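Taking it in order: structure first as structure tokens, then the write-up.
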Amino acid sequence: MDHTDLYIDGQWRKAADGARFDVLNPATEEVIASVASADLADADAALDAAAAAFPDWAARKPRERSEVLRRCWELMTARLDEFARLITLENGKARADAMGEATYAAEFFRWFAEEAVRADGLITHAPASGARIVVQHKPAGIAVLVTPWNYPAAMGTRKIAPALAAGCPVIIKPASETPLTMLALMPLLEEAGVPKGLVNVVPSRKSGALVDHMLHDPRVRVVSFTGSTEVGRKLLHSAADQVLKPAMELGGNAPLIVFEDADIDKAVNGAMLAKMRNLGEACTAANRFYIHDRVADEFTAKFTAAMGRLTMGNGLEDGVDVGPLVNADTRDKVAAFVDDAVARGARVEIGGTRPNGKGYFYPPTVLSGVPETADCVHDEIFGPVAALQRFSDQEDVIRRANATEYGLVAYVFSEDMKRAMQVCERLEYGMVGLNRGLVSDPAAPFGGVKQSGLGREGGHEGMLEFMETQYISADW
Ligand code: NAD
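Numbering-wise, the sequence shown is residues -15 to 460 according to our numbering.
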């Protein structure tokens, strides 16, 4: 928490208008920091700095960019404990989850250090004209990055690392609930050799106006957003004015299907990961559980028992598995989903009652017999509530799983690989976890279809989001 000002052009600055906002610890509701709130003049300063840093960085040899990114990974890896503590303080997640996030966040630097030297192209003969077709990838230009509060480190590094690998400068606007982790990363990037102006951080209370202003600056070429579908749509409208390259990682409504031939213990472990990693505050969180009639009683009993073994409390304390939700609004929304499902006939297997006292806590909750009409079947719960339904027919469960405007991730549990692969291929999702409750991996293309987004982060595809393709038709 040493750094609470804006980070522009390699310097710590107050906001031009002097504005600041408070950041709270969700476990105690105490103010832990007062952070500078960027205004339009600050955005202009960040754009100037990024524009000045661009030519030199874009001209660096890929190997040089790669080595800077590699040092970012080494330095962050040496300080995982500090990052994990900060993540817990501002987001609330328990220490093991925070360590998991910090490790995952650092890995993006290592992965894109390796990818930086592999921006391949193509030279070939045109079939008829005799010309040579030369295809190469070039850095697209300044990228505006907007990130959510659920992964304060990883959602930033997942964008910064590929942008830098591609040769682009960035301006990042972290979520107002959790700006401290991204600010804390900046001294480390400096130490790794990131030149001044290449990465700028502008937390702000005025997100809408600030981001809209930047997206209308002609020097900006990319907007990469992670957050709700609602805000993503707004940014796509703004991006249209200058025809920016958009990368959108938006909301989800993940189905988790357990077939009658699943290994139930494996399915329970997978379901725990898919539901409870980050307390369900993840776009990849399993939202709707479809359990085959023949195994529903066994799965429900074992899963409820596993949820019951979790200890809730301040994420910094030893022995705590799950912390608080990020803020009162999120907690109230989760409670309303449970109340709605219960009013429509769902049964509470465990949890379901909001504790008294300080902190935005809500307990691990399992609902069974959730009717298709319940709000939690159609909307993202974003909390520690599992909504269980039953099915008996494969075609019916595929139809129900696909009956959503979202398409980020689905989970399938079955030991019959032929059937499992056939089901996976028919699911309208950008990612599928097959007998696994965790799909995120820096080496894999993360992203959704339908209203879950556009573009991919990580994998080989991640760097291309920050590059333009140029084709030269040559005669030689
Ligand atoms: P959000 O959309 O409210 O906020 C995300 C970011 O956008 C924050 O930095 C916020 O300050 C900023 N923002 C808010 N309004 C804005 C506006 N009008 N213009 C520009 N920026 C604006 O989302 P959230 O509540 O922080 O995060 C939860 C959502 O994010 C969930 O829907 C979740 O599924 C989604 N999410 C998706 C992924 C993914 O990779 N697909 C990952 C994490 C979270």
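Think of the CB as a built atom: it goes at the ideal place given N, C-alpha and C, for glycine as much as any other residue.
Being a predicted model, the structure only gives us computed values, none of them experimental.
Original post:
Contact between the region 114 to 122 and the region 73 to 87: three or more CB pairs below 8 Å?
Top reply: Fewer than three beta-carbon pairs drawn from the region 114 to 122 and the region 73 to 87 are found closer than 8 Å, and the two stretches are therefore not classed as touching.
**OP:** Kindly examine the ligand NAD and report whether one of its heavy atoms sits closer than 7 Å to the Cβ of L219.
**Re:** Along the sequence shown, one-based indexing puts residue 219 at 235. Within 7 Å of the C-beta of L219 there is at least one heavy atom belonging to the ligand NAD.
**OP:** Please confirm whether L8 and V15 have their CB atoms less than 8 Å apart.
**Re:** Along the sequence shown, read from residue 1 onward, the residue named residue 8 stands at position 24. Along the sequence shown, read from residue 1 onward, the residue named residue 15 stands at position 31. In this structure, V15 lies closer than 8 Å to L8 by Cβ.
Original post:
If you run the structure through DSSP and keep just helix, strand and coil, what is H109?
Top reply: For the purposes of this step, residue 109 is identified with residue 125 of the sequence shown, where counting begins at 1. Reduced to three states, the DSSP call for H109 is strand.
Original post:
How about N134: is its Cβ closer than 7 Å to a heavy atom in the ligand NAD?
Top reply: As a position in the sequence shown, residue 134 is number 150, starting the count at 1. Correct: N134 has its Cβ closer than 7 Å to the ligand NAD.
**OP:** Taking L418 as the reference, give the member of L240, P348, D324, D323 with the closest Cα.
**Re:** Along the sequence shown, read from residue 1 onward, the residue named residue 418 stands at position 434. When each option's Cα is compared against that of L418, the closest is L240.
Original post:
Along the chain, where does the beta strand (DSSP E) that runs through D6 open and close?
Top reply: Position 22 of the sequence shown, counted from the start, is the residue given in the question as residue 6. For D6, the uninterrupted beta strand (DSSP E) segment begins and ends at 4 to 9.
Original post:
Mind checking Q435: buried by the 16 CB within 10 Å criterion, or exposed?
Top reply: As a working mapping, residue 435 is identified with position 451 in the sequence shown. Buried: at least 16 other Cβ atoms inside 10 Å.
Subject >> Start-to-end residues for the alpha helix (DSSP H) that takes in N386 >> reply: Against the sequence shown, residue 386 aligns to sequence position 402. Residues 378 to 386.
Original post:
For the candidate residues D104, G192, D(-14), whose alpha-carbon lies nearest to that of S465?
Top reply: The structure shown has nothing for residue 465, since the chain only spans -15 to 460.
Subject >> 8 Å contact criterion, which M447 and A11 should meet: CB distance rounded >> reply: Sequence index remark: in the sequence shown, residue 447 carries index 463 (1-based). Sequence index remark: in the sequence shown, residue 11 carries index 27 (1-based). Rounded to whole angstroms, the Cβ separation of M447 and A11 is 37 Å, and the two are not in contact under 8 Å.
Subject >> Residue from M232, S188, K45, V227 whose Cα sits closest to the Cα of A149 >> reply: To locate residue 149, count along the sequence shown from 1; it is residue 165. Measuring from the Cα of A149, the nearest candidate turns out to be K45.
Original post:
If you draw a straight line from the alpha carbon of A137 to that of G442, how long is it in whole angstroms?
Top reply: Within the sequence shown, numbered from 1, the residue matching residue 137 stands at position 153. Within the sequence shown, numbered from 1, the residue matching residue 442 stands at position 458. Approximately 15 Å, taken between the alpha carbons.
Original post:
So, do the region 70 to 78 and the region 288 to 307 have three or more beta carbon pairs nearer to each other than 8 Å?
Top reply: yes
Original post:
Which whole runs of the beta strand (DSSP E) in the region 217 to 255 are 3 residues long or more, in chain order?
Top reply: 229 to 233, 238 to 242
Subject >> Reference P368; option with closest CA among V381, P158, N262, S352 >> reply: Stepping through the sequence shown from its first residue, residue 368 is reached at position 384. Taking only the C-alpha atoms, the option nearest P368 is N262.
Original post:
In the structure shown, what three-state DSSP assignment does F450 receive?
Top reply: By 1-based counting over the sequence shown, the position of residue 450 is 466. Of the three classes helix, strand and coil, the one that applies to F450 here is coil, per DSSP.
Original post:
Unbroken alpha helix (DSSP H) runs of length 4 or more, entirely within the region 40 to 113: which are they?
Top reply: 46 to 62, 64 to 75, 79 to 99
**OP:** Could you have a look at E333 and say whether DSSP puts it in helix, strand or coil?
**Re:** In the sequence shown, the residue the question calls residue 333 occupies position 349. Three-state DSSP puts E333 in a strand.
Original post:
What beta strand (DSSP E) runs, 3 residues minimum, are completely inside the region 135 to 196?
Top reply: 154 to 157, 183 to 185
**OP:** Please classify G417: does DSSP put it in a helix, a strand, or coil?
**Re:** For the purposes of this step, residue 417 is taken as residue 433 along the sequence shown, with counting starting at 1. In the three-state scheme derived from DSSP, where H, G and I count as helix and E and B as strand, G417 is classed as strand.
Original post:
Among residues of its own chain, excluding the 5 on either side of P355, which ones have a beta-carbon nearer than 6 Å to its beta-carbon?
Top reply: Numbered from 1 along the sequence shown, position 371 holds the residue referred to as residue 355. R328, G329, listed in sequence order.
**OP:** With DSSP collapsed to three states, give me the class of F375.
**Re:** Taking the sequence shown and counting its residues from 1, the one referred to as residue 375 is at position 391. Of the three classes helix, strand and coil, the one that applies to F375 here is strand, per DSSP.
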